[in-house]
Amino acid sequence: MVNLMTPKELNDVGDKYFYGQGVDKNIEVAFTYYKRAADQNNSIGLFNVGKYFLVKNNVKDAFNYYLKSAEAGYGLAYVKLSEMNLHGQGVKKNKKKAFKMLEEAVKLQEIESYHLLGKYYLHGIGVGKNEEKAKSMFEMSAQNNNSEGMFLLGKLLLEGKSIKNDFESAFFHLDKAASNKNINAINYLKELYNEPHPYLKKKSALYRKEMWFYYDELLASLDDTGALMRTAYAYYYGNEIVKINFDKSVKYFKILHSLDEVDGYFGMGISYMYGQGVALDYERARDYLVIAANRNHPKAKNALGDMYRLGKGVEVDYAKARDFYLEAAKSNDQDALINLGLLHYRKQIKNATDVLALQFMTKASEMNNSGAFYWLGIFYDKAIGTERSTDLAKKNFEKAISLGNVGAKYKLAQLFYDETNSDKASKRKIDKNFNIIRELLIDYINNPLSQDVNVLYSLYLLGEMYANPSFSESSPKVSRYYFESAAERNFAKAMVKMYEILMAKEPKRALYWLKKASEKPADGEGLYLLAKVYDEGLLGQMKDYVKAQEYYRKAAEFNYQPAVVKLTMQK
Numbered sequence: 243m244v245n246l247m248t249p250k251e252l253n254d255v256g257d258k259y260f261y262g263q264g265v266d267k268n269i270e271v272a273f274t275y276y277k278r279a280a281d282q283n284n285s286i287g288l289f290n291v292g293k294y295f296l297v298k299n300n301v302k303d304a305f306n307y308y309l310k311s312a313e314a315g316y317g318l319a320y321v322k323l324s325e326m327n328l329h330g331q332g333v334k335k336n337k338k339k340a341f342k343m344l345e346e347a348v349k350l351q352e353i354e355s356y357h358l359l360g361k362y363y364l365h366g367i368g369v370g371k372n373e374e375k376a377k378s379m380f381e382m383s384a385q386n387n388n389s390e391g392m393f394l395l396g397k398l399l400l401e402g403k404s405i406k407n408d409f410e411s412a413f414f415h416l417d418k419a420a421s422n423k424n425i426n427a428i429n430y431l432k433e434l435y436n437e438p439h440p441y442l443k444k445k446s447a448l449y450r451k452e453m454w455f456y457y458d459e460l461l462a463s464l465d466d467t468g469a470l471m472r473t474a475y476a477y478y479y480g481n482e483i484v485k486i487n488f489d490k491s492v493k494y495f496k497i498l499h500s501l502d503e504v505d506g507y508f509g510m511g512i513s514y515m516y517g518q519g520v521a522l523d524y525e526r527a528r529d530y531l532v533i534a535a536n537r538n539h540p541k542a543k544n545a546l547g548d549m550y551r552l553g554k555g556v557e558v559d560y561a562k563a564r565d566f567y568l569e570a571a572k573s574n575d576q577d578a579l580i581n582l583g584l585l586h587y588r589k590q591i592k593n594a595t596d597v598l599a600l601q602f603m604t605k606a607s608e609m610n611n612s613g614a615f616y617w618l619g620i621f622y623d624k625a626i627g628t629e630r631s632t633d634l635a636k637k638n639f640e641k642a643i644s645l646g647n648v649g650a651k652y653k654l655a656q657l658f659y660d661e662t663n664s665d666k667a668s669k670r671k672i673d674k675n676f677n678i679i680r681e682l683l684i685d686y687i688n689n690p691l692s693q694d695v696n697v698l699y700s701l702y703l704l705g706e707m708y709a710n711p712s713f714s715e716s717s718p719k720v721s722r723y724y725f726e727s728a729a730e731r732n733f734a735k736a737m738v739k740m741y742e743i744l745m746a747k748e749p750k751r752a753l754y755w756l757k758k759a760s761e762k763p764a765d766g767e768g769l770y771l772l773a774k775v776y777d778e779g780l781l782g783q784m785k786d787y788v789k790a791q792e793y794y795r796k797a798a799e800f801n802y803q804p805a806v807v808k809l810t811m812q813k
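The letter at position 425 of the sequence shown is residue 667 when you use this note's numbering, and the numbering goes up by one with no holes.
In structure tokens form, the structure reads like this:
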């Protein structure tokens with residue numbers, strides 16, 4: 243029965259209506275329950291009536307009810323009275339009274355009052371500044387698991403002027419506050435790791451970046467939209483400290499979508515488009531991307547262009563792809579500018595020109611886009627829309643590398659290698675270039691973002707480099723290591739090299755590699771050599787004219803000229 247409800251029950255029901263917990267929010271209904279508890283001189287009921295009047299902007303009645311609650315012994319009421327005295331709500335501003343009210347709350351062991359009184363001591367509000375007393379109050383707050391107290395204690399231990407600084411303890415308390423989802427502590431720690439604080443300068447830059455991201459992801463867990471976007475994209479694209487994790491990127495994109503953030507629609511669109519973290523679904527991908535594009539998200543427009551360029555759930559249509567890219571490019575979307583450059587470079591649209599390819603790529607490069615510099619390196623090397631310039635190709639690849647482009651390391655190494663092999667270079671220049679090539683290729687091979695096929699070519703080039711007698715560090719042993727490493731990863735060209743290396747001393751092993759190379763040949767060389775083995779009875783094999791002819795024909799299908807000549811001479 244309603245008349246028999248206790249003050250606690252009345253306040254609990256009032257809270258449900260006041261905050262909309264399981265019922266429609268209605269503060270007027272909440273007031274009726276709070277008032278009945280207050281009429282029984284219940285301190286919490288009196289406090290809640292004060293809370294109601296404050297929401298209604300009736301600060302005078304709010305102050306009076308908070309005062310009655312405080313007189314009834316409710317510590318949190320003293321906290322509110324302190325706040326109202328400090329800001330002059332329902333009463334004349336009085337910092338000393340504000341301080342006294344907090345002292346009363348502390349006497350009643352009100353946990354929310356400890357860190358607030360500490361702030362009064364720290365900033366000299368209604369009392370003289372006293373860092374020691376501030377520290378004492380912050381410690382009491384932290385001991386009672388108040389995250390704001392932990393944050394303020396950590397910050398004081400770092401920044402205090404009249405107390406002894408304790409950096410280790412400071413970071414302990416700040417981290418504990420952050421772990422308890424204290425936003426102030428999270429943002430403060432991000433600043434400390436970003437600047438960095440002197441205590442952190444001995445830590446590596448990579449470690450500091452990792453910690454910054456750790457706290458930013460904590461911030462994302464509190465639905466901070468900026469942190470949600472940064473975290474989602476970090477897991478989607480990956481970087482030097484974050485491995486690509488589509489399950490996690492989708493998790494954060496879903497939250498952004500639930501908050502009606504345009505990046506949530508875009509993120510879910512590209513996730514469905516490529517089946518990353520969700521099942522592949524082109525229809526849903528398009529729906530999400532169209533919504534994002536209609537809200538003027540340039541990358542969503544670019545992604546719709548990609549759908550038509552790549553035929554993702556639609557017929558390939560380069561003209562439609564171009565139209566979406568052009569719309570995105572109006573917002574200077576760098577990916578769209580690059581894609582427009584590539585459509586012209588690959589002659590996939592009407593009236594495509596190399597000059598326009600170069601212009602679009604140059605515009606993207608002006609925004610410091612690493613991919614644009616990568617393609618400009620290729621354009622200058624191949625004379626696309628401009629005269630060939632090895633120097634400009636190198637400069638663009640180097641710029642791409644400085645901006646974190648992994649593929650540019652492979653391309654630059656290849657450029658140096660081709661240049662070294664084509665020139666009548668001095669031994670000194672060969673050594674210099676090969677050392678550059680080695681560093682670039684090894685970095686590329688060890689990078690998790692490198693492409694498998696280029697890793698195989700990189701291993702092969704290192705094998706060739708160490709096989710070159712003009713290189714002062716040439717070594718048959720090291721050369722074999724790289725060729726064998728590529729061969730064991732099923733790279734046919736390296737298998738042919740292993741055949742050449744082993745045929746004199748290890749004919750069985752040599753034949754093994756040659757046959758394996760012929761199973762999935764990259765060109766006609768291995769097939770031609772295997773044909774010769776059967777034609778001439780090499781490596782202890784019986785002559786077999788039929789097999790020899792078969793492999794000569796297969797090699798000729800790759801337009802391998804020695805095989806073509808051989809078959810022509812037999813006619």
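Glycine residues also receive a C-beta, built at the ideal position from the N, C-alpha and C atoms.
Take the Cβ of residue i as the centre, count every other Cβ of all protein chains shown within 10 Å, and call the residue buried at 16 or more, exposed below.
| i | result |
| --- | --- |
| Gly-262 | exposed |
| Leu-448 | exposed |
| Leu-328 | buried |
| Arg-564 | buried |
| Arg-731 | exposed |
| Glu-608 | exposed |
| Glu-437 | exposed |
| Ser-411 | exposed |
| Arg-588 | exposed |
| Ala-625 | exposed |
| Thr-662 | buried |
| Asn-290 | buried |
| Asp-266 | exposed |
| Val-814 | Lying before the first or after the last residue shown, residue 814 is absent from the chain, which here runs from 243 to 813. |
| Arg-278 | buried |
| Pro-440 | exposed |
| Thr-810 | exposed |
| Lys-335 | exposed |
| Thr-274 | exposed |
Looking only at C-alpha atoms, which of the options sits nearest to residue i?
| i | options | result |
| --- | --- | --- |
| Ala-319 | Leu-344, His-329, Tyr-477, Asp-623 | Leu-344 |
| Leu-364 | Lys-735, Asn-581, Glu-373, Ala-798 | Glu-373 |
| Tyr-478 | Ile-512, Glu-715, Met-707 | Ile-512 |
| Asp-465 | Gly-391, Lys-496, Leu-442 | Lys-496 |
| Leu-753 | Lys-397, Ile-483, Leu-691, Leu-771 | Leu-771 |
| Tyr-276 | Met-247, Leu-654, Asn-481, Val-265 | Met-247 |
| Pro-690 | Val-648, Gly-705, Tyr-708, Asn-677 | Val-648 |
| Gly-766 | Arg-795, Met-784, Glu-640, Asn-593 | Arg-795 |
| Asn-283 | Asn-253, Asn-300, Val-301, Gly-264 | Asn-253 |
| Ala-736 | Ala-759, Asp-408, Lys-719 | Ala-759 |
| Phe-676 | Gly-519, Leu-568, Leu-703 | Leu-703 |
| Asp-596 | Lys-310, Asn-610, Thr-628 | Thr-628 |
| Thr-632 | Gln-656, Lys-554, Ala-606 | Gln-656 |
| Val-532 | Val-520, Lys-651, Leu-546 | Leu-546 |
| Glu-742 | Ser-716, Val-775, Glu-761 | Val-775 |
| Gln-385 | Tyr-356, Leu-501, Asp-408, Val-369 | Tyr-356 |
Excluding the 5 residues preceding and the 5 following residue i in the sequence, name in chain order all residues of the same chain whose CB lies nearer than 8 Å to its CB.
| i | result |
| --- | --- |
| Thr-604 | Ala-614, Leu-618 |
| Glu-352 | Gly-317, Leu-318, Tyr-320, Val-321 |
| Lys-669 | Ser-712, Ser-714 |
| Leu-359 | Phe-341, Leu-344, Glu-345, Ala-347, Val-348, Met-379 |
| Ala-314 | Asn-283, Asn-284, Ser-285, Leu-288 |
With a CB to CB cut of under 7 Å and the five nearest residues on each side skipped, what residues in its chain are close to residue i?
| i | result |
| --- | --- |
| Val-504 | Ala-534, Arg-537, His-539 |
| Pro-749 | Leu-781, Gly-782 |
| Glu-452 | Ile-483 |
Considering only residues of the same chain and omitting the five flanking positions on each side of residue i, which have a CB-CB separation below 6 Å?
| i | result |
| --- | --- |
| Lys-739 | Phe-725 |
| Asp-777 | Ala-790 |
| Gly-402 | Glu-373 |
| Met-745 | Ala-752 |
| Gly-805 | As written in the sequence, residue 805 is Ala, which differs from the Gly given in the question. Closer than 6 Å at Cβ, skipping near neighbours: Gly-766, Tyr-770, Tyr-794, Ala-797, Ala-798. |
| Gly-506 | Phe-495, Leu-498, His-499 |
Kindly provide the ranges of any alpha helix (DSSP H) runs that are 4 or more residues long and lie completely inside the region 307–348, ordered along the chain. 317–329
Go through the region 517–563 residue by residue and report every complete run of the alpha helix (DSSP H) that reaches 4 residues or more, in order. Runs of the alpha helix (DSSP H) spanning 4 or more residues and lying entirely within the region 517–563 occur at 524–536, 540–552, in chain order.
Where are the alpha helix (DSSP H) runs, 4 residues long or more, that stay fully inside the region 445–502, in chain order? 447–462, 467–479, 488–500
Quick one: which unbroken alpha helix (DSSP H) runs of 4-plus residues sit fully inside the region 718–792? Chain order, please. 718–729, 734–744, 749–761, 767–778
Could you tell me which whole beta strand (DSSP E) segments of length 3 or greater appear in the region 631–689? Residue ranges of uninterrupted beta strand (DSSP E) with 3 or more members are absent from the region 631–689; none lies entirely inside it.
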